Structure formats: C-alpha cells, structure tokens
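In the order they appear, the protein sequences are chains A and B.
Quick note on numbering: the working numbering labels position 54 of the first sequence as 54, and the sequence is numbered without any gaps.
Quick note on numbering: the working numbering labels position 294 of the second sequence as 294, and the sequence is numbered without any gaps.
Notes to accompany the following structure.
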Amino acid sequence: MLEVKNLHAKIGDKEILKGIDLVINDGETHAIMGPNGSGKSTLSAVLVGNPLYEVTEGEAYFNGKNLLEMKPEDRAHEGLFLSFQYPVEIPGVSMTNFMKAAINEKRKYQGLDPMNAAEFLKLQREKRKIVELDSKLANRSVNEGFSGGEKKRNEIFQMAMLEPKLSILDETDSGLDVDAMRIVAEGVNKLQTPETSCIVITHYDRLLEMIKPQFVHVLYKGRIVKTGGPELAKEIQEHGYDWIKEEIGEE
Amino acid sequence: MGSEQQYIELYEQVRQIIFDHASEAMNAVRDQAFEDFRKQGFPSKKVERYKYTDMQKLFAPDYGVNLSRLQIPVDPYEAFRCDVPNLSTSLYFVVNDMFYTQAQPKGHLPEGVIIGSLRDYPEFVSKYYAKQAKTSEDAVTALNTMLAQDGLLIYVPKNVKVDRAIQVINILKATPQNAQRQVPDLMVNRRVLIVLEEGAEIKMLFCDHAADDRNFLATQVIEAYVGDNASLDLYCMEETHHKNVRVSNVYIDQQANSRVNHNVITLHNGTTRNKLDLTFSGEGSECQCYGCVIADKEQHVDNNTLITHKVPHCTSNELYKYVLDDNATGAFAGRVLVEHGAQKTSSQMTNQNLTATKEARMYTQPMLEIYADDVKCAHGSTVGQLNDAALFYMRQRGISLQEAKLLLQNAFINEVIDKMQLEPLRDRLHYLVEKRFRGELNKCDGCRLCK
Chain A
1 MLEVKNLHAK
11 IGDKEILKGI
21 DLVINDGETH
31 AIMGPNGSGK
41 STLSAVLVGN
51 PLYEVTEGEA
61 YFNGKNLLEM
71 KPEDRAHEGL
81 FLSFQYPVEI
91 PGVSMTNFMK
101 AAINEKRKYQ
111 GLDPMNAAEF
121 LKLQREKRKI
131 VELDSKLANR
141 SVNEGFSGGE
151 KKRNEIFQMA
161 MLEPKLSILD
171 ETDSGLDVDA
181 MRIVAEGVNK
191 LQTPETSCIV
201 ITHYDRLLEM
211 IKPQFVHVLY
221 KGRIVKTGGP
231 ELAKEIQEHG
241 YDWIKEEIGE
251 E
Chain B
1 MGSEQQYIEL
11 YEQVRQIIFD
21 HASEAMNAVR
31 DQAFEDFRKQ
41 GFPSKKVERY
51 KYTDMQKLFA
61 PDYGVNLSRL
71 QIPVDPYEAF
81 RCDVPNLSTS
91 LYFVVNDMFY
101 TQAQPKGHLP
111 EGVIIGSLRD
121 YPEFVSKYYA
131 KQAKTSEDAV
141 TALNTMLAQD
151 GLLIYVPKNV
161 KVDRAIQVIN
171 ILKATPQNAQ
181 RQVPDLMVNR
191 RVLIVLEEGA
201 EIKMLFCDHA
211 ADDRNFLATQ
221 VIEAYVGDNA
231 SLDLYCMEET
241 HHKNVRVSNV
251 YIDQQANSRV
261 NHNVITLHNG
271 TTRNKLDLTF
281 SGEGSECQCY
291 GCVIADKEQH
301 VDNNTLITHK
311 VPHCTSNELY
321 KYVLDDNATG
331 AFAGRVLVEH
341 GAQKTSSQMT
351 NQNLTATKEA
361 RMYTQPMLEI
371 YADDVKCAHG
381 STVGQLNDAA
391 LFYMRQRGIS
401 LQEAKLLLQN
411 AFINEVIDKM
421 QLEPLRDRLH
431 YLVEKRFRGE
441 LNKCDGCRLC
451 K
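What follows is the structure, encoded as structure tokens:
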C-alpha cells in the first residue's frame with residue numbers, strides 16, 4: 001500500500017521530518033503517537049501533498065506510484081484520504097455540491113461518467129447513517145457552523161463517500177466526547193476491508209482500543225524511534241514518553 | 001484635457017440636425033445642457049467622483065453618432081429569444097439608443113401603464129426630464145442630455161402593480177445587415193425615464209449587449225421617480241465585449257415609504273463606469289443596492305454611489321462584490337450622506353473583493369458623512385485572496401485546483417446574487433456566473449441571458 005523511505009521535509013527553513021521509514025501493507029492499521037511537535041501532522045500533510053511543506057529528501061510510493069510527484073488531487077483520486085485535524089470551513093459552498101464535485105472528479109479520473117443525481121443522493125443518505133450525521137447538514141456550507149463533533153463526523157462521512165484505499169486520521173478523536181468517539185471509531189471500523197489500510201494519529205489509547213491497530217509507532221523529533229504492538233499505546237498512556245526518550249539516549 | 005472639444009464642435013455644427021430629429025420637449029433643455037457641458041468639460045481624475053476612471057481617455061476616440069436617426073435594421077425578436085426559466089417577461093428592445101417600436105408584446109400591461117418612446121409623451125418629458133439629472137453637476141449627464149434624441153418612458157399609475165417583469169434589452173449594433181461599406185465606431189446616448197405614482201410597483205431588468213464587433217461608447221442616464229409607497233426593482237446587467245465602453249448615470253428619487261432594489265451586474269465588459277445617485281426625499285423609505293462584478297484580462301469596472309438621506313427614518317443597504325483576475329481593475333467608491341435632521345437613519349455599506357492575481361487592482365473607498373446625531377451607520381471594505389486552506393482541503397478531496405477556485409469564487413459572488421428578488425433571474429445568474437468563471441463567456445456572442 002504505502003512505502004516511505006528516509007523522508008525529510010521542512011516548512012520554511014525549519015526541518016521537521018528527519019528521515020521517516022514506514023511500510024504499510026493492505027489491510028493494516030497503524031497508529032502513530034508521539035509528543036506534541038514531533039512531526040505527526042507534518043507527516044500526514046506531506047503524504048497528501050500540502051504545498052506548505054517541502055520534501056527535501058526521500059521517497060514515498062503509494063501502490064507502486066511515486067506519491068511525491070503527484071498533485072494533491074491526484075493523490076486523492078488514487079485513494080489517499082486525510083481526515084483533517086482542523087477541518088476547514090468553506091462558507092458558501094454547500095456540502096452537497098462539495099461532495100458531488102469530489103466524487104465526480106474522481107470518477108472522471110477513473111474514466112467513468114458523472115454520477116446521476118438520484119444515485120448520488122442515495123449514496124449520500126446511506127453513508128450519512130454510518131456516522132449518524134444529521135441530513136440537515138447537507139444543505140449547509142462545508143463545516144460552517146458545525147460543532148467540533150459534527151466536523152469530525154463529517155470527515156468520516158466524506159471518507160465513507162470517497163472509499164479511499166488508505167485513510168489517515170489526524171487526531172480525529174481530539175475534542176470528541178465519548179459517544180462521538182464511539183460513533184467515529186465504529187464508522188472507521190465499518191469502512192475497513194482487507195484491501196484498505198489506515199493510519200491513526202492520536203495522543204490517546206482510548207480510540208486505539210476501539211480501532212485496534214496492529215502496529216504502534218512513536219514519532220519523536222522527526223523520526224520513528226520505536227515500533228510495537230497495541231501494548232505500546234497502553235504503556236505510553238500509563239508512563240508517558242520519558243522512558244522512550246531515555247531508551248534512545250536522551251534526557 | 002481636450003476630449004470635450006470634438007463634442008463641442010460637433011454640437012455647434014449639427015445642432016439643427018439634432019433638433020430636427022428630436023422632440024420639442026427634449027430640445028427644450030438641450031442648449032442649456034450644451035452650455036453646462038462646455039463649461040465643465042470632461043472631469044479629470046482630480047475630480048473626486050471620477051478619480052478611478054479616466055474620462056478624458058474614454059471620450060477621446062472619434063465615434064460616429066447616428067444623428068439623423070437612421071434605422072439599423074435588426075430583428076431583435078429573432079436574435080434574442082429569452083429562455084430565463086419561468087421568467088416570462090414583457091420583452092422590449094432598444095437598438096442603440098432607439099426604442100424598437102415594431103412588434104411589441106401585447107396585452108400584458110395593466111391599464112394606464114406606459115412603456116414607450118419619450119417622443120410620444122411630451123407631458124412627462126417637460127415635467128420630469130432632466131430634473132434629477134442636473135446637467136450643471138455632471139459632464140456626462142450634460143453630454144447625454146445634449147445629444148440624446150429619444151429615450152424610454154416607463155410610467156406606472158397610482159396603485160397599479162405590474163406583476164410581469166419588464167425586460168429591456170439594449171442592443172448595440174453599428175453595422176446594418178448586408179452593409180456595403182465599413183461603418184464607423186458608434187457612440188450611443190441612451191435615456192430612460194421611470195415614473196412610479198403612489199403605490200405603484202414594477203420590476204425592470206435592463207440587459208446590455210453588443211451585437212457586433214465594433215468599438216462602442218454608450219452613455220446612459222436613467223432617472224427614476226418613486227412615489228409614496230411605490231416599489232421599484234431595477235436590475236442592470238451588462239454582458240458586452242472588451243471593445244465596449246459604458247458610462248451610466250442612474251438617479252433615483254424616493255418618496256415616503258417607498259422601496260427600491262437596485263442591482264448592477266457586470267458579467268463581461270470592456271470599460272464600465274456606473275454611477276448611482278439615490279436620494280431619500282420622503283420618510284420611511286428603504287433601498288437595497290447590490291452590485292457584482294466579474295472582470296479579467298484588461299477589463300475595468302468602476303461603481304460610484306451616493307446615497308443621500310435627506311429625511312429621517314430611512315434605511316439603505318449596499319453590498320458590492322468584485323472578483324478580479326488577470327490585469328483587471330476594479331473601483332468602488334460609495335458615499336452615504338446623512339443630512340442634518342435625518343435622524344434614525346440606518347445605513348450599511350459593504351464592499352468585498354477578491355483579487356486572483358498580483359496584477360489585478362482594486363480601489364475601494366467607502367465613505368460616511370453624517371450630520372445627524374441619532375443614526376446607525378456602518379461601512380466596511382475588504383480586499384483579499386482565495387483561502388489557501390480551503391483550496392487545499394478541497395484538493396485533498398480530489399477537487400482540482402481549478403475547480404476548487406471556481407467553487408470558492410462562485411460562493412463569493414453568490415452572496416450578492418442570492419439577495420436578488422427576481423427568483424428565475426437569480427437561478428439564471430447562478431448558471432451564467434459559473435459559465436463566466438469557467439471562461440465560457442469570453443465574448444458576447446449575443447444575449448446569453450436570452451439566447
């Protein structure tokens with residue numbers, strides 16, 4: 001699915017990623033944890049092609065294709081999805097028009113005709129159920145006036161609509177109450193298939209208990225410094241990151 | 001300086017021809033207009049209200065003027081079928097500056113309503129013509145008044161409501177069909193007089209189009225008298241080409257408890273200058289003035305408004321939005337004048353602009369001048385670029401950069417269009433604006449609104 005080799009990236013003059021190596025196979029779920037400012041969000045931003053970041057070294061392949069050469073929209077068409085940590089409000093653009101544009105551009109990329117209106121509405125209705133999203137939100141502007149929980153559920157709704165191969169959830173659990181977190185986690189689980197993979201970026205093992213990753217990575221100062229199974233998340237929850245910092249020879 | 005000279009000489013030479021081909025009532029104010037024009041000349045950019053558009057330059061080229069009122073044969077009904085969905089308008093045409101009298105729509109107008117040529121109604125001309133549009137105060141108005149030979153009269157009697165919207169298509173056409181020789185570029189001087197008696201109601205839609213590929217200079221003066229408790233919707237849409245110059249002066253006088261919606265839409269143009277002078281003469285009136293501009297390449301659009309609150313208890317709202325691409329230039333200068341004693345005035349003026357390139361220029365100047373002490377007035381202006389975060393968010397969902405820009409620009413302009421009262425026009429405009437942003441309205445090949 002995804003193969004990242006020695007990835008370096010900077011924003012402005014500040015180097016943030018200092019050599020990331022990561023392999024994700026079909027059907028796997030990986031969690032990425034790490035202290036604030038370690039580069040988790042930067043990694044996700046670089047993978048989806050945010051123009052604010054500049055890749056200075058390294059490679060990333062997505063199902064055999066060179067990810068770093070692709071435009072952000074083409075990465076999306078290839079099946080890469082990012083659930084944003086801070087979903088952007090777009091006043092004046094309705095959710096429906098937004099989703100219709102997204103779906104039809106993907107279909108165009110795949111050489112398919114645009115989806116007709118009835119089909120689209122049906123699909124939208126089905127997928128909304130997965131995250132228990134109010135149908136009224138469809139007529140509202142994208143994320144405008146949505147509560148924190150609605151914004152995050154809306155991200156998962158979009159994920160359900162677009163059926164990506166690899167989803168990156170960037171702190172989708174932050175700011176969610178327990179019920180909303182359950183809805184989000186269940187939604188993500190429902191969308192999981194043996195052909196799709198997922199990267200979950202989080203600070204808490206609560207979400208991981210529900211989503212159940214096979215691998216947990218710790219990102220620190222722009223490198224993956226430790227990789228383990230789900231038990232690693234529990235240890236971090238109990239003991240913090242200091243013991244890992246010690247392990248790698250830092251105070 | 002100097003552009004006025006050719007018009008002064010022209011008038012001196014052809015005064016008699018102009019008089020011969022115009023009605024007596026319009027001729028009555030012509031010499032005075034000429035004197036006023038000669039005194040003023042065209043304003044330089046040092047004149048406050050003409051700061052952003054070089055009038056000297058616009059009027060410098062040598063245009064032909066159709067003084068002998070030769071008919072340029074076109075069949076507008078053939079060329080401009082209207083398909084605004086569900087908008088069945090009563091359709092009228094003005095070819096250049098002449099009211100097109102053949103085959104007018106029949107039977108739709110309520111009794112007493114007049115839509116016709118000024119020359120047929122001298123009593124209205126002598127009562128209302130050139131009263132608001134003072135030739136001593138504006139050189140373009142003076143020029144228009146000294147050259148205009150005919151115009152359009154719209155009259156709605158007391159308590160009559162015209163349900164069906166009146167659509168007037170202004171067609172610019174210099175070349176007669178099967179013309180034998182090259183015709184000159186054309187200057188036209190349009191004139192409109194709107195008189196609404198007490199309690200009258202009408203919705204007007206003016207569409208400007210150019211039907212051939214010549215250089216045009218169109219001056220226009222609209223005077224509207226809105227009586228007590230009357231209601232006027234005045235929409236002006238321009239969709240011409242890059243060789244077109246439009247200089248429009250609109251004057252509106254509102255009596256007590258009257259309502260005015262005025263919308264100016266510039267979809268495609270060359271150089272456009274729209275001036276609006278609106279005066280509240282009677283208490284309890286309100287106006288909504290909206291404008292939207294989409295300009296690219298070398299296009300230039302300048303909207304200049306003055307709203308005068310002479311009396312208490314009136315409400316004015318202004319919202320003008322511009323999207324400027326390439327090397328386009330936009331200007332908005334709005335002034336709200338609250339005169340002494342005009343208490344309880346409520347006024348809001350907003351101008352918001354998007355510049356898509358570093359080369360696009362926007363000049364914005366919202367002004368408030370208040371001489372009363374119990375009023376609520378606000379004004380604001382912004383110039384900005386498309387939101388990068390929103391663009392990236394959309395691209396991550398697979399929407400191409402181009403499409404994402406389009407969605408954002410559309411959303412920006414739609415705020416103005418959504419305020420339009422004429423629903424079918426609104427829907428049609430959504431469609432036209434989108435086409436415009438897609439670059440599919442690159443030139444005016446006939447009336448898109450109506451074809």
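Think of the CB as a built atom: it goes at the ideal place given N, C-alpha and C, for glycine as much as any other residue.
Quick caveat: nothing in here was measured; it's all calculated off a predicted structure.
Distance CB(A333/B)-CB(Y52/B) smaller than 8 Å: yes
Contact list for the region 160 to 183 of chain A against chain B, Cβ threshold 8 Å: Result list: L162.
Reduced DSSP category for D253/B - H, G, I as helix; E, B as strand; rest coil: Three-state DSSP puts D253/B in a strand.
Beta bridge counterpart(s) of E223/B as assigned by DSSP: Answer by DSSP bridge pairing, in chain order: L193/B, Y251/B.
Through-space distance from S167/A to Q192/A, alpha-carbon basis: 10 Å
Best match in D113/A, M99/A, G49/A, L17/A for proximity to N139/A [C-alpha to C-alpha]: M99/A
Assumed close pair M420/B, N263/B - CB separation to whole angstroms, cut-off 8 Å: At roughly 6 Å, the Cβ-Cβ gap stays under 8 Å, so M420/B and N263/B are in contact.
Chain-ordered neighbours of P72/A on chain B, where CB pairs are closer than 7 Å: F392, R395, Q396
Proximity winner among S90/B, A25/B, S3/B, F34/B, relative to V14/B (alpha-carbon distances): Cα-wise, what sits closest to V14/B is F34/B.
Neighbour flag for L172/B against chain A, beta carbons, 8 Å: no
Under the three-state DSSP convention, the category L97/A falls into: According to the sequence provided, residue 97/A is Asn. The question's Leu does not apply to it. Helix, per DSSP.
Boundaries of the alpha helix (DSSP H) in which Q13/B is found, first to last residue: 3 to 20 is the extent of the alpha helix (DSSP H) around Q13/B.
C450/B, DSSP secondary structure in three states: Legend: pLDDT at C450/B = 39, less than 50; position of this residue unreliable, value from coordinates given subsequently. Coil at C450/B, not helix or strand.
Presumed contact (8 Å Cβ cut-off) between L324/B and A356/B, rounded CB distance: 7 Å
Boundaries of the alpha helix (DSSP H) in which I370/B is found, first to last residue: No alpha helix (DSSP H) contains I370/B, which is instead part of the beta strand (DSSP E) from 361 to 370.
Proximity test, Cβ basis, 8 Å: F412/B and chain A: The beta-carbon of F412/B is placed less than 8 Å from the nearest beta-carbon of chain A.
Beta carbon proximity, L133/A to chain B, threshold 8 Å: no
Outcome for E9/B when other beta-carbon atoms lying within 10 angstroms are tallied against a minimum of 16: So E9/B ends up on the exposed side.
Span of the alpha helix (DSSP H) around N154/A: Boundaries of the alpha helix (DSSP H) harbouring N154/A: 148 to 162, taken from the DSSP string.
Beta-carbon proximity check, I16/A vs G39/A, cutoff 8 Å: yes
Cβ-based contacts, 7 Å cut-off: residues of the region 103 to 117 of chain A near chain B: E105, K106
For E440/B, the three-state DSSP class (helix, strand or coil): Here E440/B sits in coil by DSSP.
CA-to-CA distance, A331/B to N303/B, given in whole angstroms: 6 Å
Secondary structure of Q352/B, DSSP reduced to three states: strand
Local conformation of R69/B per DSSP, three classes: coil
Whole-angstrom distance between A101/A and R273/B, CA atom to CA atom: 36 Å
Nearest candidate by alpha-carbon position, reference M362/B, set V156/B, Y320/B, E434/B: Y320/B
Nearest-angstrom beta carbon gap, Y155/B and I114/B [assumed within contact, 8 Å]: 4 Å
S23/B - DSSP class collapsed to helix/strand/coil: coil
Whole-Å CB distance - F99/B paired with V195/B, under 8 Å assumed: With a Cβ gap of about 16 Å, F99/B and V195/B do not count as contacting.
Cβ-Cβ distance between V168/B and Y92/B below 8 Å: yes
Local conformation of E111/B per DSSP, three classes: E111/B: coil per DSSP, three-state reduction.
E231/A burial status per 10 Å Cβ neighbour count (16 or more: buried): exposed
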